[in-house]
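Peer 1: Following this message is one structure expressed as structure tokens.
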Amino acid sequence: MLRFLVRRLAYAIVLLLIASVAIFYGLRVAPGDVTSAIVSVTGTQVLIDDVKEQLGLDKPLATQYFIFIKNVVTGDPGSSLVSGAKITDLIGDAGIKTLKLGVFGLILVYALAIPLGLMAAWWRNKPFDQGVRFLAVLGMGIPNFFLAVLLIQLFAVKLKWLPVAGPGGFKHTLLPAVVLAMESMAVNMRLMRSSTLEELSKDYIRTQRAKGLPGRRILFVHAFRNALVPVVALAGVTIPVVLGYTLIVEVIFRYEGLGFQLVQAITKRDYALAQTLALLFTAIVVFSNFLADAAHQLIDPRIRDRARAA
Amino acid sequence: MSATEPVVDVVAVLDRAPAAEGRLRDALALLRANKVALLGLFLTAIFVLTGLAGAVILLTPGLHHLWEAQDLAIALQPPSGDHLLGTDQYGRDLLWRGIGGVGIAFLIGVGVTFLVLLIGLTLGSIAGYFGRKTDMAITGLIDLAWGFPLLLVAVVIAGMIGKGLKDVIIAVSVILWAGFARIVRAQVKTLAEREFVEAARMLGVPEWRILLRHMVPNVMGSVLVMASYYVAYTVITEAGFSFINLGAQPPTPSLGAMVAEGRNYWSVSVWPAIVPGTAIALIVLGLNSLGDGLRDIFDPRLRRW
Amino acid sequence: MGVDVTSESRRPPVGTGDALLEVTGLTTTIRRRRGSFAAVDDVSFTVGRGEILGMVGESGCGKTMTVLSLMGLLPAAATVTAGRASLEGREILGLPEREMRTVRGRDLAMVFQEPMTSLDPSFSIGYQMSEVVRAHGAGSRKQARQRAIEMLGRVGIPRAEQRIDDYPHQFSGGMRQRVMIATALLLEPKVLIADEPTTALDVTIQAQILDLLASLRDDLGMSVILITHNLSVVNEIADRVAVMYAGQIVELATVRELFDDPRHPYTQGLLRSMPDLTVPGERLPVILGRVPDLGSLPPGCRFAPRCPNRIGPCDERAPALERDAAGRSLRCYNPTPFRADG
């Protein structure tokens, strides 16, 4: 297990390094000189020199890359070219918001998907199951930005229960979290349903019944535990997808988290901020993939042993 | 007599041979029995027809007036005899703009999926066929691409080359090829170990011809299933990307951008947002249902993602 | 229904020989899109205390459906439509699920064919065994564990107190089947139903498992219904045998009687296709034709289309299962003496 984790971690770090090169060089070859992009934004020559020095634009690209990495690793990626705010402050502020939103969204995904999928399988083809399947089709069909528009019009504009947009507490996070969660919730619910159905048809379920176990114990203990394995395995995709959707959802709700900041930075060509944020996002993705893999190892005793043997 | 002696298996002696039945006929029967798949097929057929019409009016400058003609006098009108789905804030006809938007979705969705399919097929077969280091390198790439959020890649690419539809095309290509490559690689790997490939090698028949001959029918089903999901995924990504103003730029009638503009006029008329939004939902719903149906028929083990 | 005495058994049953389980006229119907058919048709048999009853037949002949009917574990499309089954005088067919649950695992236990898939892969075998004791309120967590360890030792699993915390995948197929048997025996059921318990195992392991079943029967005095398609397994350990064909019992006799003097042409065909009755180098004789589709049965005897002894009435009226004075039952109009060469 430990060896697996170490190997997987090393792999994650290599991925991150490749991604950092891609992000760095990618943003450097962007059309238009970086300085001119900054001039058009700020307009002052003093700042340009400042920025040039800060970015080390006079130095060769490779050196610039190493400076960028050094700065990121030592925790001082510099300041935003547009607002001049320290990037670390920005990340701290926006990071907490995105963390709140993302965790809330993921809780919604799993708190709904797992029980609904499980019970839909248990009551297969009954009205409950049909409802769940309809919800799944809807959740996977309606694009999340359109869902956001509809929900805002209903709950914020018409019913005035919730604010239209903006940062803040629970009320501001509720709608974005629902929109963020919807598609992944539908996907995981479907997966949980089909994997529960698959488990319920297996031989060991018949054994449990022959043992005289009550149905609820067979469903909630045995089928549940085994049906969860593919859902946990999919977490490596679910988490990045949810994270990726923060880019759209935060923009729609003007929720000033990391996604909002990244889209802003790209739109305004704030490269210092954009490259740091993009790298941060990548790191979160790679890390959550790593966590999902580890969780998958833990939940399935067969894989657990294979990993121990490796 | 002890059980260590050869034991006759009555079942093996007496069991009847399974009757051979046509695979295609089975598939058609399954499709007919699957109402969701039929609905998906129906919606997808409409998507394709509308998409082709949209592509024509987008690519024919003489027809641009259909979706470009402005008339502020009739701005934000509800559906009427002249404008079946109403008009937007510039008085442009929402039906024609919608058809144009479906045309974009169709061109991008189908075009990019086709591109991705080619890349996946090529890299997947190379990995499965050559094995060893080539395989390791390509598998590494597959893993790398597989875990990444498409939108994040699209946003970063927008930072690299500027806003526009190109971002979506590149981002989708960079990520989704991995899905096809995985399937094809696994299939080629299994096939390459089979005896008839060995035999063909000894007879001097080019191996790649054998592989191609046997691989195509085996991979076809999975590829069709994934292709329908991937077209849906591409359509939704393009729309989302255009919605946050990083994709198609005005006046290109992208469905996502139309929803984004339309929502600002919701209090006056809901049609400018509802028409394109519903169109996307129906396209995605149709393609997903079709994919589910095809999956039930071709490959029950293949799940989404 | 009278008393079945298994006089010629090599290992005389421990019990008194009176009927512990008595099944009469059991009929189980499967609904299909086009009509329904009886997968189990008018099946009657008894199992004596401490007796091993073998049930033999080809796949799809209704053996498994018969015992699943008794266990109340039929698939959704199947239902018991007629018949009675009394276990020590208590009717067990048609019990409400809640009551049936207390019968399963406690009075009637079952071991399935596939030891590789019949255990839940995600839980330790200790958990899966203790669970039975706990679910039937038969002991505390600690007692349940103790009982499980004891039973594992009894079925021949070495180092039971360590292995109890292992997961199913850490056991070989034969060992898993031992675990399955130990689990089934935890509450000392009156009848153990073993559905092809050795089919999925290596030949040497098969013999071990059969020996284990026989010795457990001797020690615990339980009755066993052993389902198999393999006549040599029956010959090995059963006291009596019921031969099933197309949902019906066609012959029921003690093992000795059946092997020395098989009367039903189907039974004779089965015996002929056993290797030890064939001259080395010769082809194994087979029963020509195929099992009829239960949805479209012949009007008369179900075996008639494949039967070498067919006579006039066979195609017209279905023969009934008739018992002779010695207690043998037979469903045939024209039994003839057995000749090994056919």
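Chains as they are written, first to last, in my numbering: chain A, 1 to 310; chain B, 1001 to 1305; chain C, 2001 to 2342. Note that beta-carbon positions come from the ideal geometry of N, C-alpha and C, so glycine has one too. None of these values were measured; they are calculated from a predicted model.
CA-CA distance, Ala1186(B) and Phe1180(B)?
Peer 2: Walking along the second sequence from the start, residue 1186(B) turns up at place 186. Walking along the second sequence from the start, residue 1180(B) turns up at place 180. Between Ala1186(B) and Phe1180(B), the C-alpha separation is close to 10 Å.
Peer 1: Does Asn326(A) pass the burial test, meaning 16 or more other C-beta atoms within 10 Å, or should it be called exposed?
Peer 2: For chain A, the structure presents residues 1 to 310; residue 326(A) sits outside this window and is missing.
Peer 1: If you draw a straight line from the alpha carbon of Arg206(A) to that of Leu2074(C), how long is it in whole angstroms?
Peer 2: To locate residue 206(A), count along the first sequence from 1; it is residue 206. To locate residue 2074(C), count along the third sequence from 1; it is residue 74. Spanning the two alpha carbons is a distance of roughly 10 Å.
Peer 1: May I ask you to verify whether the stretch 1193-1203 of chain B touches the stretch 1150-1168 of chain B, counting CB pairs closer than 8 Å and requiring at least 3?
Peer 2: The stretch 1193-1203 of chain B, when compared against the stretch 1150-1168 of chain B, does not touch it at the 8 Å Cβ threshold.
Peer 1: Under 8 Å between C-beta atoms, does Phe2171(C) make it to chain A?
Peer 2: For the purposes of this step, residue 2171(C) is taken as residue 171 along the third sequence, with counting starting at 1. Taking Cβ atoms only, chain A never reaches closer than 8 Å to Phe2171(C), which makes this a no.
Peer 1: Could you list the residues in the stretch 1261-1283 of chain B with a C-beta less than 7 Å from some C-beta on chain A, going in chain order?
Peer 2: If the cut-off is 7 Å between Cβ atoms, the stretch 1261-1283 of chain B has Arg1263, Trp1266, Ala1273, Gly1277, Ile1280 and Ala1281 near chain A.
Peer 1: Buried or exposed for Thr2267(C), please, with buried defined as at least 16 other CB atoms from any protein chain shown within 10 angstroms of its CB.
Peer 2: One-based indexing of the third sequence puts residue 2267(C) at position 267. Buried, because 16 or more other Cβ atoms sit within 10 Å of the Cβ of Thr2267(C).
Peer 1: Using the Cα positions of Thr2183(C) and Tyr2127(C), report the straight-line distance between them to the nearest angstrom.
Peer 2: For the purposes of this step, residue 2183(C) is taken as residue 183 along the third sequence, with counting starting at 1. For the purposes of this step, residue 2127(C) is taken as residue 127 along the third sequence, with counting starting at 1. Their Cα atoms are separated by approximately 11 Å.
Peer 1: Starting from Phe1973(C), find everything on chain A with Cβ-Cβ shorter than 8 Å and list it in chain order.
Peer 2: Look at the range of chain C in this structure, 2001 to 2342, and you will see that residue 1973(C) is not part of it.
Peer 1: Jot down the residue ranges of each uninterrupted alpha helix (DSSP H) in the stretch 2033-2097 of chain C, minimum 4 residues, whole runs only, in chain order.
Peer 2: You should have 2063-2071.
Peer 1: Interface residues of chain A around Met2071(C) at Cβ under 7 Å?
Peer 2: Here residue 2071(C) corresponds to residue number 71 of the third sequence, with the count starting at 1. By Cβ distance, chain A contributes Ala210.
Peer 1: Measuring only between beta-carbons, confirm whether Asn125(A) sits less than 8 Å from chain C.
Peer 2: Start at 1 with the first residue of the first sequence, and residue 125(A) comes out as number 125. With 8 Å as the cut-off, Asn125(A) does not count as an interface residue toward chain C.
Peer 1: Closer than 9 Å by beta-carbon distance: list the chain A residues that pair up with Glu2091(C), in chain order.
Peer 2: Within the third sequence, the letter at position 91 stands for residue 2091(C). Per Cβ cutoff of 9 Å: no residues; Glu2091(C) is ~18 Å from chain A at best.
Peer 1: For the candidate residues Leu2220(C), Leu2258(C) and Ile2249(C), whose alpha-carbon lies nearest to that of Ala2238(C)?
Peer 2: The residue labelled residue 2238(C) in the question sits at position 238 within the third sequence. Of the candidates Leu2220(C), Leu2258(C) and Ile2249(C), the one whose C-alpha sits nearest the C-alpha of Ala2238(C) is Leu2258(C).
Peer 1: Pull up the DSSP beta-bridge partners for Arg2240(C), would you.
Peer 2: Working through the third sequence from its first residue, we reach residue 2240(C) at position 240. Its beta-bridge partners are Leu2053(C) and Thr2254(C).
Peer 1: If you scan the stretch 2200-2227 of chain C from start to end, which runs of the alpha helix (DSSP H) of 4 or more residues do you find wholly inside it?
Peer 2: Within the stretch 2200-2227 of chain C, the complete alpha helix (DSSP H) runs of at least 4 residues are 2203-2220.
Peer 1: Would Pro1149(B) pass as an interface residue toward chain A - the criterion being a Cβ-Cβ separation below 8 Å?
Peer 2: For the purposes of this step, residue 1149(B) is identified with residue 149 of the second sequence, where counting begins at 1. Chain A, which has a Cβ nearer than 8 Å to the Cβ of Pro1149(B), makes this yes.
Peer 1: Comparing the C-beta of Asp2120(C) with each C-beta of chain A, is any distance below 8 Å?
Peer 2: Sequence index remark: in the third sequence, residue 2120(C) carries index 120 (1-based). Output row for Asp2120(C): interface = yes.
Peer 1: Could you tell me whether the Cβ of Met140(A) comes closer than 8 Å to any Cβ of chain B?
Peer 2: Here residue 140(A) corresponds to residue number 140 of the first sequence, with the count starting at 1. With 8 Å as the cut-off, Met140(A) counts as an interface residue toward chain B.
Peer 1: Roughly how many angstroms lie between the CA atoms of Val1231(B) and Gly1277(B), to the nearest whole one?
Peer 2: By 1-based counting over the second sequence, the position of residue 1231(B) is 231. By 1-based counting over the second sequence, the position of residue 1277(B) is 277. In a straight line, the C-alpha of Val1231(B) is about 17 Å away from that of Gly1277(B).
Peer 1: Please confirm whether Leu2070(C) and Leu2020(C) have their CB atoms less than 8 Å apart.
Peer 2: Taking the third sequence and counting its residues from 1, the one referred to as residue 2070(C) is at position 70. Taking the third sequence and counting its residues from 1, the one referred to as residue 2020(C) is at position 20. No.
Peer 1: Please classify Glu1021(B): does DSSP put it in a helix, a strand, or coil?
Peer 2: The sequence position of residue 1021(B) within the second sequence is 21, counting from 1. Legend: pLDDT at Glu1021(B) = 40, less than 50; position of this residue unreliable, value from coordinates given subsequently. Of the three classes helix, strand and coil, the one that applies to Glu1021(B) here is coil, per DSSP.
Peer 1: Using DSSP bridges, identify the partner residues of Asp1093(B).
Peer 2: Translated into positions along the second sequence, residue 1093(B) becomes position 93. Beta-bridge pairing links Asp1093(B) to Thr1087(B).
Peer 1: Taking Ile2030(C) as part of the beta strand (DSSP E), name the residues at either end of that continuous run.
Peer 2: As a position in the third sequence, residue 2030(C) is number 30, starting the count at 1. From DSSP, the beta strand (DSSP E) with Ile2030(C) extends over Ala2019 to Arg2031.
Peer 1: Give me the Cα-Cα distance between Asp2218(C) and Arg2049(C), rounded to the nearest whole angstrom.
Peer 2: Indexing the third sequence from 1 puts residue 2218(C) at position 218. Indexing the third sequence from 1 puts residue 2049(C) at position 49. C-alpha separation (whole angstroms): 11 Å.
Peer 1: With Ile1057(B) and Trp1067(B) assumed to form a contact (beta carbons below 8 Å), what rounded beta-carbon distance in angstroms separates them?
Peer 2: Numbered from 1 along the second sequence, position 57 holds the residue referred to as residue 1057(B). Numbered from 1 along the second sequence, position 67 holds the residue referred to as residue 1067(B). Ile1057(B) to Trp1067(B), Cβ: 6 Å. Contact.
Peer 1: Determine the chain B residues that contact Pro240(A) at a beta-carbon separation under 9 Å, and present them in chain order.
Peer 2: Sequence index remark: in the first sequence, residue 240(A) carries index 240 (1-based). By Cβ distance, chain B contributes Gly1147, Phe1148, Pro1149 and Leu1152.
Peer 1: Just to make sure I have the definition right: I need the residues of chain C whose C-beta is within less than 8 Å of the C-beta of His222(A). Which are they?
Peer 2: As a first step, residue 222(A) is located in the first sequence; it is residue number 222 there, counting from the start. Neighbours of His222(A) on chain C, chain order: Asp2120, Ser2122 and Phe2123.
Peer 1: So which residues on chain B does Ala274(A) lean against when the C-beta distance must stay under 7 Å?
Peer 2: Here the question's residue 274(A) lines up with position 274 in the first sequence. Going along chain B in sequence order, the residues near Ala274(A) (Cβ under 7 Å) are Gly1159.
Peer 1: Look at Ala2200(C) and Pro2115(C) and say whether their C-beta atoms are less than 8 Å apart.
Peer 2: Counted from its first residue, the third sequence places residue 2200(C) at position 200. Counted from its first residue, the third sequence places residue 2115(C) at position 115. Yes. Within cutoff.
Peer 1: In the DSSP assignment, the beta strand (DSSP E) including Val2191(C) goes from what residue to what residue?
Peer 2: Position 191 of the third sequence holds residue 2191(C). Looking at the DSSP string, the run of the beta strand (DSSP E) that includes Val2191(C) is Val2191 to Asp2195.
Peer 1: Bridge partners for Gln2248(C) per DSSP, in chain order?
Peer 2: Stepping through the third sequence from its first residue, residue 2248(C) is reached at position 248. Beta-bridge pairing links Gln2248(C) to Tyr2245(C).
Peer 1: Against chain A, does Ile1057(B) count as a neighbour if the rule is that its beta carbon must be under 8 Å from one of theirs?
Peer 2: As a working note, residue 1057(B) is residue 57 in the second sequence. Taking Cβ atoms only, chain A never reaches closer than 8 Å to Ile1057(B), which makes this a no.
Peer 1: Would you report the Cα separation of Val263(A) and Ser83(A), rounded to the nearest angstrom?
Peer 2: Position 263 of the first sequence, counting from 1, holds the residue named residue 263(A). Position 83 of the first sequence, counting from 1, holds the residue named residue 83(A). Their Cα atoms are separated by approximately 15 Å.
Peer 1: Would you mind reading off the limits of the alpha helix (DSSP H) that contains Ala272(A)?
Peer 2: Here residue 272(A) refers to the residue found at position 272 of the first sequence. Segment Tyr271 to Ile299, the alpha helix (DSSP H) holding Ala272(A).
Peer 1: Checking contacts by CB at 8 Å: is Thr2183(C) closer than that to chain A?
Peer 2: Here the question's residue 2183(C) lines up with position 183 in the third sequence. Yes, because at least one Cβ of chain A sits closer than 8 Å to the Cβ of Thr2183(C).
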